[in-house]
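A.B. asks: Residue numbering for the first sequence follows numbering that gives the first Met the number 0, beginning at 0 and increasing consecutively.
Even glycine gets a Cβ: it sits at the ideal position worked out from N, Cα and C.
One structure, pasted below without further comment.
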Amino acid sequence: MAFDAGGAAPLDVGVVPIDRGERVAVATLSAGRAGDVAVLERARIGLDPRLEAPGARIVWQDARAIVPLLLDAGVRLERVRDVRLVHRILVDARGLEREERWAQPLRAEAEGLFSLAPEPEPLDALAAQLAAQEAAIGDDAGLRMLAAAESMGGVLAVELSRQGLPFDRSRHDALLVEALGERPPGAGPAARPRRMEALAAQVRDALGAPTLNPDSPQEVRAALRRAGLDVASTSRWELREHEHPAIAPLIEYKHLARLHTANGWAWAQRWARVDARGRCRLAIEYVPGGVVTGRWATEGSGAMQIARQIRAAVAAEPGMRLVVADAAQLEPRALAAIARDEALADAGRGTDLYQGLVDRGVVDRRELAKVGMLGALYGGTTGQAALVLPRLARAYPRAMAVVEAAARAGERRERVRTWLGRTSPLPPRWRDDERGAQQARAWGRFTRNFVVQGTAAEWALAWMAGVRRAIRDVDGAALVCFLHDEVIVQAPEDRAAEVAEAVRAAAADAGRLLFGRFPIDFPVQTAVVEDWSQAKD
DNA sequence: AATGCACGCCAC
DNA sequence: AAACGTGGCGTGCATT
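Shown next as structure tokens:
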């Protein structure tokens, strides 16, 4: 198992940074109290034998403050409890007091400067928090597993953020020049790359608006209306409905403008940095549990939305390869497992669940299978999805009943739970009128999706924890990216195939860990490549 | 000048 | 003319 999934830890070891992380206080946590406090210089933390004791669980308040110190000291971190992350789960799941006292900097940080002995208070507080969490979790095996997984997620996020994503700036520059044209000499928003400027001129020409700023939706809409195009917005789907010489260059301009602002030169300048070993990496700050469903977010760099167009700039370093792995149709598979829907699980037996639906005669085209399944997961009611849904409901009544029940529960303002027990928040108030009914249905779509997306996120955590363990002894291999259902490991060329196999095996392990003997496959598509764009999907 | 919101588009 | 879930973020633009 990739993380502690059950049973009481024989030894809980609390760790608290003091003196701004120059030293660390270590204590045994038991029955809500801290005992046998030791204080160690940061470089010598690993010398406390309790941190390496078999089965020991290391407990902290905030991974961001302590995990870097532990990693630098060579502590392995196999069983962990992140009190901050787990608290957030238990507040919703168990009504644990919403208390943010450990969000504050620990008082010992300041007071430690003036006393040789550590303040016992933070470690006692940690012990008390741990005891409260253990009581709240009780014998709920799902919550216990979720707490362990989320806590390991805190470690993974620190490790991933410290690694960064290998990034080749000259390749990035070349991709931008190819798409946008030469970079203008002056910075500033007025200076547009050559192709963008040419498209802007075409738009102005076609609309007879010589001073038009194509970045201003208001100006663009007004100019379009003057040209006789009755548009409510300037979004692409609406523009496409109209026939006019300005439309094509405008849509192309907006496409390039997005690339330029989101993943252009300024973005690379801001987020790419050269580390101590001279490697260029994108600095990505992961936020575990940053999304209500339990998915991760990132802060600042927009790293979860790196445009496909520039993914070739994410490239393996000399002697290395990227092992790019993504879980195939993760959410429908999670749904099949939640619902114990053997028929849907059977359709997913191969590597392509959507094709499985076609092969079993449920729908006649793969594209329809996908649209219909996503409609079921998101609550789609129109178009192609609506046409296919009845057939899915007939073929997979158990799975469809689960998402329908989640939607109805949300409409009734009830909470729903993921497989391991993450709980949806309570909805805002809505009135008892037509507008309120709309809001209720919208909340139902949220709870419908929450169950599936949240369970998929739990599987992904377990998967990634397994990958972490599997590559631990592969010298030079490191997780460098995580995107909901996709991971990238950079590994030495001659060990990449072995890593790819380990990543696939970790997926199967994660499925068994969460869903036991229920026969659901979690196939993972892996590619060993030099750059991210070569991993086709 | 700083702040907050709306728009629009990218990702899964 | 949106719809069908979760987000981040840059830009324009109105408000303070």
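What does DSSP give as the partner residue(s) for Tyr285 in the beta ladder?
C.D. replies: Bridge partners of Tyr285: Thr297.
A.B. asks: What does DSSP give as the partner residues of Met144 in its beta bridges?
C.D. replies: According to DSSP, Met144 bridges with nothing at all.
A.B. asks: Counting pairs of beta carbons, one from the segment 415-423 and one from the segment 393-401, are three or more of them closer than 8 Å?
C.D. replies: At 8 Å Cβ cutoff, the stretches do not touch.
A.B. asks: As an exercise, report each continuous alpha helix (DSSP H) stretch of at least 4 residues that is fully enclosed by the segment 195-239, in chain order.
C.D. replies: For the segment 195-239, whole alpha helix (DSSP H) runs of length 4 or above, ordered along the chain, are 216-225 and 235-238.
A.B. asks: Report the rounded CA-to-CA distance for Pro317 versus Phe166, giving the unit in angstroms.
C.D. replies: Looking at the two C-alpha atoms, the distance is approximately 12 Å.
A.B. asks: Using only the heavy atoms of the ligand MG, determine whether one of them is closer than 6 Å to the beta carbon of Ala315.
C.D. replies: Among the ligands in the structure shown, none appear at all, so the ligand MG cannot be discussed.
A.B. asks: Given Val79, which residues of its chain have a CB within under 7 Å of its CB, disregarding the five upstream and five downstream residues?
C.D. replies: Only Arg56, Ile57, Ser150, Met151 and Val154 meet the Cβ criterion.
A.B. asks: Which runs of the alpha helix (DSSP H) at least 4 residues long sit entirely within the segment 346-385? Give them in chain order.
C.D. replies: Counting only runs of 4 or more, we get 352-358 and 365-377.
A.B. asks: Quick check on the DSSP output: what are the complete beta strand (DSSP E) runs of length 3 or more inside the segment 419-489, in order along the chain?
C.D. replies: 477-481, all fully within the segment 419-489.
A.B. asks: If we ignore side chains and look at the alpha-carbon of each, how far apart do Ala231 and Thr381 end up?
C.D. replies: If you take the alpha carbons of Ala231 and Thr381, they lie about 22 Å apart.
A.B. asks: Per DSSP, what kind of secondary structure is Gly73 in: helix, strand or coil?
C.D. replies: Note: Gly73 maps to coil in three-state DSSP.
A.B. asks: Tell me which same chain residues have a C-beta within less than 8 Å of the C-beta of Gly515, skipping the five on either side of it?
C.D. replies: Counting only Cβ-Cβ distances below 8 Å, and skipping sequence neighbours, we find nothing.
A.B. asks: For Ser300, count the other beta carbons within 10 Å of its own beta carbon; 16 or more makes it buried, fewer makes it exposed. Which is it?
C.D. replies: Result: buried.
A.B. asks: Use the C-beta contact count for Ser423: other C-beta atoms within 10 angstroms, 16 or more gives buried, fewer gives exposed.
C.D. replies: Buried, since its Cβ has 16 or more Cβ neighbours within 10 Å.
A.B. asks: Thinking just about the alpha-carbon of each residue, which of Gly45, Asp123, Arg220 and Glu77 is nearest to the one in Asp35?
C.D. replies: Of the candidates Gly45, Asp123, Arg220 and Glu77, the one whose C-alpha sits nearest the C-alpha of Asp35 is Asp123.
A.B. asks: Using CA atoms only, rank isn't needed, just tell me which of Gly360, Ala312, Glu120 and Asp139 is closest to Ala271.
C.D. replies: Looking at the Cα atoms, Ala312 is the closest of the given residues.
A.B. asks: Val473: which of Val451, Val498, Ile487 and Ala455 sits nearest, CA to CA?
C.D. replies: If we check each option's Cα against that of Val473, Val498 comes out closest.
A.B. asks: With a threshold of 16 other CB atoms inside 10 Å of the CB of Gly20, please say whether the residue is buried or exposed.
C.D. replies: Gly20 should be labelled exposed.
A.B. asks: Write down every uninterrupted run of the beta strand (DSSP E) in the segment 7-53 whose length is 3 residues or greater and which is fully enclosed by it, in chain order.
C.D. replies: Entirely contained in the segment 7-53, the beta strand (DSSP E) runs reaching 3 residues are, in chain order, 10-17, 22-29 and 32-40.
A.B. asks: DSSP state of Val527, grouped into three classes?
C.D. replies: The answer is strand: DSSP assigns Val527 an E or B state.
A.B. asks: Compute the Euclidean distance between the alpha carbons of Leu159 and Gln217, then round it to the nearest angstrom.
C.D. replies: The alpha-carbon atoms of Leu159 and Gln217 are separated by roughly 41 Å.
A.B. asks: For the beta strand (DSSP E) containing Leu122, list its first residue and its last residue.
C.D. replies: Leu122 -> not in any beta strand (DSSP E); alpha helix (DSSP H) instead, spanning Pro119 to Ile136.
A.B. asks: With DSSP collapsed to three states, give me the class of Val415.
C.D. replies: The answer is coil: DSSP assigns Val415 none of H, G, I, E or B.
A.B. asks: For the beta strand (DSSP E) holding Ala326, just list the boundary residues, first then last.
C.D. replies: Segment Met319 to Ala326, the beta strand (DSSP E) holding Ala326.
A.B. asks: Taking DSSP as the reference, what is the three-state secondary structure of Pro104?
C.D. replies: No answer about Pro104 holds up, because its pLDDT of 40 lies below 50 and its placement is not dependable.
A.B. asks: Kindly give me the distance between the Cβ atoms of Val322 and Ala495, rounded to whole angstroms, as I take these residues to be in contact under 8 Å.
C.D. replies: Their Cβ separation, rounded to whole angstroms, is 5 Å, which keeps Val322 and Ala495 in contact under 8 Å.
A.B. asks: Please confirm whether Ala42 and Leu460 have their CB atoms less than 7 Å apart.
C.D. replies: No. Outside cutoff.
A.B. asks: Kindly list the residues whose CB is nearer than 7 Å to the CB of Leu112, restricted to its own chain and excluding five residues on each side of it in sequence; keep chain order.
C.D. replies: Note that Leu112 scores a pLDDT of 38, beneath 50, so its modelled location is shaky; the value from the coordinates is reported in the next line. So the list reads Asp18, once near-sequence residues are dropped.
A.B. asks: Considering only residues of the same chain and omitting the five flanking positions on each side of Trp442, which have a CB-CB separation below 6 Å?
C.D. replies: Same-chain partners within the cutoff: Gly409 and Pro426.
A.B. asks: To the nearest angstrom, how far is the alpha carbon of Arg63 from that of Leu70?
C.D. replies: Spanning the two alpha carbons is a distance of roughly 11 Å.
A.B. asks: Which two residues bound the contiguous alpha helix (DSSP H) that contains Arg503?
C.D. replies: Looking at the DSSP string, the run of the alpha helix (DSSP H) that includes Arg503 is Ala495 to Phe514.
A.B. asks: Using C-beta distances below 8 Å, list every residue in its chain close to Ile519, excluding the 5 sequence neighbours before and after it, in chain order.
C.D. replies: The residues are Arg332, Ala335, Ala336, Ala344, Gly347 and Gly510.
A.B. asks: Using the rule of at least 16 other Cβ atoms within 10 Å of the residue's Cβ for burial, across every protein chain shown, is Pro121 buried or exposed?
C.D. replies: Buried, because 16 or more other Cβ atoms sit within 10 Å of the Cβ of Pro121.
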